[in-house]
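> Residue numbers for the sequence shown follow our numbering, beginning at 494 and rising by one.
The C-beta atom is built at its ideal place from N, Cα and C for all residues, glycine as well.
Note that the structure is predicted; figures quoted are calculated from it, not measured.
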Amino acid sequence: MIDYIPEFYKNHRQFQNSIEFYEKNELGLALESLVELANETQHYFSEEFWTELAKSANIMEMDKIASYCKKQSKKTLKGLDYKLPFGWTTYKVSENNFQVHISEKLNGEWKTERRKKDGIEKLLTKDGIHFSNKGRNGYIYFVENGKLIEFEWELEVGGIRLWFEAETHWYLPTKSELNIEDKSRIKELIIDWAEQNKERIEFD
């Protein structure tokens, strides 16, 4: 459960308390700290979050906490027109706008699944640019001598918007820094590839 709390909360006192209690095997106090985290922030946590807390509370015979968590799991957030997935939290920033936070662990699982579907292992055997199209978005993978970096793109009116500047490391080898010279060279190769394939690309 703790692994699926978004990184946004990692410096919050109750989140840190929960980790400390969990490491000391004081599971009841760890659970109570997660309840307090949601209460103190007044953020909206998913139905599954509260359901899992209720199950844990039942196992530990914490009847009042279990009852409270069950009630929270049925609450809805006015204006939110979709079911919040597990690992997400949200809160209103204005009448019709919500700020969403997503668990890093969940993001990592999505990325792993996406890379698997895109056939990363096969891509690594062929140097160059590989284009993954998911419809209105996707990824450009660049492979060179067993190294791989990925750039997300989105379809806009004028063509493809490539989120290029934010990437500062190769995906493989893990955490290997991408130097300025290589990044500039890769950008030129992507521009050439786009011209050859008649793709209009705008860099962020």
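(1) Which partner residues does E670 have in the DSSP bridge list?
(2) In the DSSP assignment, find the unbroken alpha helix (DSSP H) run with R654 in it and report its ends.
(3) Would you call L522 buried or exposed, if buried means 16 or more other Cβ atoms sit within 10 Å of its Cβ?
(4) Should the stretch 608-623 be regarded as contacting the stretch 652-662, the criterion being three or more beta carbon pairs within less than 8 Å?
(5) In chain order, what residues of the same chain have a beta carbon less than 7 Å from the beta carbon of K691, not counting five sequence neighbours either side?
(6) Can you grab the Cα-Cα spacing for the pair E554 / M494, in whole Å?
(7) Cα-Cα, which of F514, E643, D675 and L573 is closest to E588?
(8) Compute the distance between the beta-carbons of T582 and S526, then report whether it is under 9 Å.
(9) Where does F696 land, buried or exposed, given buried means 16+ other C-beta within 10 angstroms?
(10) From L671, K668, W603 and C562, pick the residue whose C-alpha is nearest to that of G580; which is it?
Well, looking at it:
(1) Working through the sequence shown from its first residue, we reach residue 670 at position 177. In DSSP, E670 forms a bridge with H662.
(2) In the sequence shown, counting from the first residue as 1, residue 654 sits at position 161. Note, R654: premise wrong, no alpha helix (DSSP H); beta strand (DSSP E) at G652 to W656.
(3) Translated into the one-based positions of the sequence shown, residue 522 becomes position 29. The residue in question, L522, is exposed, as its Cβ has fewer than 16 Cβ neighbours within 10 Å.
(4) no
(5) Locating residue 691 in the sequence shown gives position 198, where the first residue counts as 1. No residues qualify anywhere along the chain.
(6) In the sequence shown, counting from the first residue as 1, residue 554 sits at position 61. In the sequence shown, counting from the first residue as 1, residue 494 sits at position 1. Rounded to whole angstroms, E554 to M494 spans 18 Å at the Cα level.
(7) Your numbering for residue 588 matches position 95 in the sequence shown. Ranking F514, E643, D675 and L573 by Cα distance to E588 puts L573 first.
(8) Taking the first residue of the sequence shown as position 1, residue 582 is located at position 89. Taking the first residue of the sequence shown as position 1, residue 526 is located at position 33. No, the Cβ-Cβ distance between T582 and S526 is not below 9 Å.
(9) Residue mapping note: residue 696 aligns to position 203 of the sequence shown, counting from 1. Answer is exposed; the Cβ neighbour count stays below 16.
(10) Your numbering for residue 580 matches position 87 in the sequence shown. Looking at the Cα atoms, W603 is the closest of the given residues.
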